[in-house]
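A short worksheet on the structure shown next.
Protein chains: 2
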Amino acid sequence: MWKGLINEYKKYLPVNEDTKIISLSEGNTPLIRATNLEKIFKGIKIYLKYDGLNPTGSFKDRGMTMAVTKAVESGSKAVICASTGNTSASAAAFAAKAGIKCVVIIPDNKIALGKLAQAIAYGAKIIPIKGNFDDALDIVKKVSENNPITMVNSINPYRIEGQKTAAFELIDQIGDAPDYLFIPVGNAGNITAYWKGFKEYRDLNKSSKLPKMYGFQAALSAPIVDNKVIKNPETIATAIRIGNPASWDKAVNALEESDGYIDKRSDEKIMEAYKLLARSEGIFAEPASCISIAGLKFAYESGKIKEGSTVVCVLTGNGLKDPDVAISLSRDLKVYENDYDVLEKVILE
Amino acid sequence: MWKGLINEYKKYLPVNEDTKIISLSEGNTPLIRATNLEKIFKGIKIYLKYDGLNPTGSFKDRGMTMAVTKAVESGSKAVICASTGNTSASAAAFAAKAGIKCVVIIPDNKIALGKLAQAIAYGAKIIPIKGNFDDALDIVKKVSENNPITMVNSINPYRIEGQKTAAFELIDQIGDAPDYLFIPVGNAGNITAYWKGFKEYRDLNKSSKLPKMYGFQAALSAPIVDNKVIKNPETIATAIRIGNPASWDKAVNALEESDGYIDKRSDEKIMEAYKLLARSEGIFAEPASCISIAGLKFAYESGKIKEGSTVVCVLTGNGLKDPDVAISLSRDLKVYENDYDVLEKVILE
Numbered sequence: 188m189w190k191g192l193i194n195e196y197k198k199y200l201p202v203n204e205d206t207k208i209i210s211l212s213e214g215n216t217p218l219i220r221a222t223n224l225e226k227i228f229k230g231i232k233i234y235l236k237y238d239g240l241n242p243t244g245s246f247k248d249r250g251m252t253m254a255v256t257k258a259v260e261s262g263s264k265a266v267i268c269a270s271t272g273n274t275s276a277s278a279a280a281f282a283a284k285a286g287i288k289c290v291v292i293i294p295d296n297k298i299a300l301g302k303l304a305q306a307i308a309y310g311a312k313i314i315p316i317k318g319n320f321d322d323a324l325d326i327v328k329k330v331s332e333n334n335p336i337t338m339v340n341s342i343n344p345y346r347i348e349g350q351k352t353a354a355f356e357l358i359d360q361i362g363d364a365p366d367y368l369f370i371p372v373g374n375a376g377n378i379t380a381y382w383k384g385f386k387e388y389r390d391l392n393k394s395s396k397l398p399k400m401y402g403f404q405a406a407l408s409a410p411i412v413d414n415k416v417i418k419n420p421e422t423i424a425t426a427i428r429i430g431n432p433a434s435w436d437k438a439v440n441a442l443e444e445s446d447g448y449i450d451k452r453s454d455e456k457i458m459e460a461y462k463l464l465a466r467s468e469g470i471f472a473e474p475a476s477c478i479s480i481a482g483l484k485f486a487y488e489s490g491k492i493k494e495g496s497t498v499v500c501v502l503t504g505n506g507l508k509d510p511d512v513a514i515s516l517s518r519d520l521k522v523y524e525n526d527y528d529v530l531e532k533v534i535l536e
Numbered sequence: 188m189w190k191g192l193i194n195e196y197k198k199y200l201p202v203n204e205d206t207k208i209i210s211l212s213e214g215n216t217p218l219i220r221a222t223n224l225e226k227i228f229k230g231i232k233i234y235l236k237y238d239g240l241n242p243t244g245s246f247k248d249r250g251m252t253m254a255v256t257k258a259v260e261s262g263s264k265a266v267i268c269a270s271t272g273n274t275s276a277s278a279a280a281f282a283a284k285a286g287i288k289c290v291v292i293i294p295d296n297k298i299a300l301g302k303l304a305q306a307i308a309y310g311a312k313i314i315p316i317k318g319n320f321d322d323a324l325d326i327v328k329k330v331s332e333n334n335p336i337t338m339v340n341s342i343n344p345y346r347i348e349g350q351k352t353a354a355f356e357l358i359d360q361i362g363d364a365p366d367y368l369f370i371p372v373g374n375a376g377n378i379t380a381y382w383k384g385f386k387e388y389r390d391l392n393k394s395s396k397l398p399k400m401y402g403f404q405a406a407l408s409a410p411i412v413d414n415k416v417i418k419n420p421e422t423i424a425t426a427i428r429i430g431n432p433a434s435w436d437k438a439v440n441a442l443e444e445s446d447g448y449i450d451k452r453s454d455e456k457i458m459e460a461y462k463l464l465a466r467s468e469g470i471f472a473e474p475a476s477c478i479s480i481a482g483l484k485f486a487y488e489s490g491k492i493k494e495g496s497t498v499v500c501v502l503t504g505n506g507l508k509d510p511d512v513a514i515s516l517s518r519d520l521k522v523y524e525n526d527y528d529v530l531e532k533v534i535l536e
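Residue numbers (the working numbering), protein chains in the order written: chain V, 188 to 536; chain D, 188 to 536.
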């Protein structure tokens, strides 16, 4: 019985026997062979690491179990973050399990209740402020410096420690590291964490090789690709709508060390990949995740994948996080009379 | 590496070596120790079987992998169902993976696009008809009788075969059957399937005992409890809003054979349990799932659980399926000025 990723990978994480572990049984997410994508992208082996099946629906749970565990260990009575999406959902869930408070600061122009549904359900204290995301983050930093409250935004160093277990799992599931890892890049914490995990497992002889890291950003939110801070990043892939990544340098390092590659894809290409993934593989992932698939298509067509290679695409979040994007694919549904002959024809069409 | 529930439990399922298995790596869902609920309901051991972490977010995937696998084996070129919720999502996903068509017939008064987001994403053909749910079901039955199209509604017998694996998993995870199983009852297929699974595993000596089955229906959708067909069932727990369950007799049989018990809980109690589960255990389940927790509370307080027992509550679906219910818990969010001193006070309150 899987006991959560800290218990499973305790030896490689900053905990000891006395640490009280705060877990929701995160991790152990499916690695799915993309048998239908392999018919399109011939000559390579394709796996999907579906981290949208974590307890709160995104890979953030991997880092949050570590961050909240360490917050409790340090005596914190609350966690705090600036977030309108996956981070707040994950922080609120683990805080609930830990029995401590979770405070979420959001900019007043980003009050989208749909994105906050989980934080509301888990009972987080949500505080909108007049200001932008950076203002919210400044409040979070200052409050956590002055009080026994732990900041759980990306700069919390334990998040990367938890997230690196995704690389461990991959290797344990396949039996070795893949040749290429396709991964969405927003704040760049996940590409950093995967690379750390791959290196640590290789050093432990758990794998024979290191993958090339292939990162992808949304076209209008591509600070690393464009090599400049983007003041007003835009993309339908809200989970990677980041103009100034917290782990920028570390991502560049992962790309260089792995002989990898980073590029950007348009929202149109992301949506093409979103449909392709759902309709060929039966997997419903949030738009940000689908840039891994858009990236795979682009790299494959540009000859950037060696024949016979094993590829893993990281799917970071569940499509249910953002149902409106799916609904936008449907045209108006025509209502039919309840007439068998007519309906049979329509059904068979 | 988990290869989906048919591959894992092949020996106990109606497949053979030649069967092409259609899988999304369903099953293997977390069994979570409810450490905080145990502080409220003292003297018993409580586990949560979180089937909302299946690929499409509900337990339906367990039955659908079997139903679609058998549909393909029989030469069907499409699957069809009448459903506005979890069944259509699951059918559409597995049909996509199988490369066959999925048709969803819905009554025209139940066109809620939010509930159909997944079916839309997975590319199902959605056909609203003038009529009610029974009319839709009649079309589905007739079309599947006259064409190489498989009906995958609850009366498809393979669904129960797949779903029984949840009982197998539970026993494999705990090491024995629990003393009590708390389970939502709508169409009554799941209680039927669990009971079948428990009996089969006990007969294989994989467990030493059988649990008592404790089923719960929503107060205004409680045909089995009230012993009559409910013409217009109502409840916030839409996944169990059923007035005339397909597996009625089998559910009654499970209750009798297991020396179990069935009762009903109001929507108010369901919502209390929804909040309790999210805010004490950090688990966000759809309202129908939470009737397991409302039932646990009721049974515990009525002295219907023996001290020292092991209890499993089945959580059938992900809370993300129904975000509006979570949002309804939030009052209007007050927007604050960006003033550190004021905000620090509000945060610490």
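In this text, a Cβ means the ideal position worked out from N, Cα and C, and glycines have one as well.
All values derive from a computational prediction rather than experimental measurement.
Short check: CB of residue i to CB of residue j, under 9 angstroms?
i              : j              : result
Y542 (chain V) : A353 (chain V) : This structure cannot speak to residue 542 (chain V), because chain V is shown only from 188 to 536.
K375 (chain D) : A433 (chain D) : Residue identity differs from the one stated: residue 375 (chain D) is Ala in this sequence, not Lys. Yes. Within cutoff.
A308 (chain D) : Y461 (chain V) : yes
A280 (chain D) : A465 (chain V) : yes
S479 (chain V) : L507 (chain V) : no
C268 (chain V) : M338 (chain V) : yes
L240 (chain D) : L240 (chain V) : yes
Y367 (chain D) : V499 (chain D) : yes
K451 (chain V) : D511 (chain V) : no
A285 (chain V) : A306 (chain V) : no
N194 (chain D) : E356 (chain D) : no
I449 (chain D) : N431 (chain D) : no
S331 (chain D) : K399 (chain D) : no
I457 (chain D) : L235 (chain D) : no
I342 (chain D) : I314 (chain D) : no
A424 (chain V) : P474 (chain V) : yes
S134 (chain D) : I219 (chain V) : Here chain D covers residues 188 to 536 and nothing more, so residue 134 (chain D) does not appear.
Going by DSSP in three states, residue i sits in which element: helix, strand or coil?
i              : result
G402 (chain V) : strand
V202 (chain V) : coil
Y345 (chain D) : helix
V544 (chain V) : Only positions 188 to 536 of chain V appear in this structure, which leaves residue 544 (chain V) out of reach.
F246 (chain V) : coil
I540 (chain D) : The shown model of chain D, from 188 to 536, leaves out residue 540 (chain D), and the question about it has no answer.
Y309 (chain D) : coil
T274 (chain D) : helix
T503 (chain V) : coil
N518 (chain D) : It should be noted that the sequence gives Arg, not Asn, for residue 518 (chain D). Looking at R518 (chain D) - three-state DSSP - the assignment turns out to be coil, as it is neither helix nor strand.
V412 (chain V) : helix
R428 (chain V) : coil
V290 (chain D) : strand
P217 (chain V) : coil
Give me, in chain order, the residues of the same chain whose beta-carbon lies closer than 7 angstroms to that of residue i; leave out the 5 immediate sequence neighbours on both sides.
i              : result
K302 (chain D) : T271 and G272
L324 (chain V) : A269 and N340
Q350 (chain V) : F246, R249, G250, G376, N377 and A380
F320 (chain V) : A269 and P294
Take residue i and list the residues in its own chain whose beta-carbon comes closer than 8 angstroms to its own, dropping the five residues that flank it on each side.
i              : result
R428 (chain V) : G373, A405, S408, P420, E421 and T422
A282 (chain V) : V255, A265, V266, K288, C289, Y309 and A311
V439 (chain V) : I411
N296 (chain D) : N319
Note down, in chain order, each residue of its chain lying with its Cβ closer than 6 angstroms to the Cβ of residue i, except the 5 sequence neighbours on either side.
i              : result
N223 (chain V) : S467 and E468
N505 (chain D) : G239 and G244
M253 (chain D) : Y345, E348 and G349
S453 (chain D) : A406
I298 (chain D) : P315
Y487 (chain D) : F228
Taking 8 angstroms as the cut-off, does the CB of residue i come closer than this to any heavy atom belonging to the ligand GTP?
i              : result
D295 (chain D) : Among the components of this structure there are no ligands whatsoever, and the ligand GTP is therefore not found.
Please report the Cβ distance between residue i and residue j, rounded to the nearest whole angstrom; I am assuming they are in contact, meaning their Cβ atoms lie under 8 angstroms.
i              : j              : result
E494 (chain V) : I231 (chain V) : 7 angstroms
L530 (chain D) : I336 (chain V) : Contact doesn't hold; Cβ gap of about 12 angstroms is too wide.
Residues of the segment 358-384 of chain V in Cβ contact with chain D at a cutoff of 7 angstroms, in chain order, please.
Q360
Taking only beta carbons into account, state which residues of the segment 300-326 of chain V come closer than 7 angstroms to chain D, listed in chain order.
L300, G301, A304, Q305, I307, A308, Y309, G310, I313, I314, P315, I316, K317, G318, D322 and I326
Residues of the segment 324-343 of chain V in Cβ contact with chain D at a cutoff of 8 angstroms, in chain order, please.
I326, K329, V330, N333, N334 and I336
Closer than 9 angstroms, Cβ to Cβ, to anything on chain D: give me those residues from the segment 431-442 of chain V, in chain order.
none
Using Cβ-Cβ distances below 7 angstroms, what residues of the segment 196-222 of chain D are close to chain V?
L211, S212, P217, L218 and I219
Residues of the segment 508-526 of chain D in Cβ contact with chain V at a cutoff of 7 angstroms, in chain order, please.
K508, P510, A513, I514, L516, S517, L520, V522, Y523, E524 and N525
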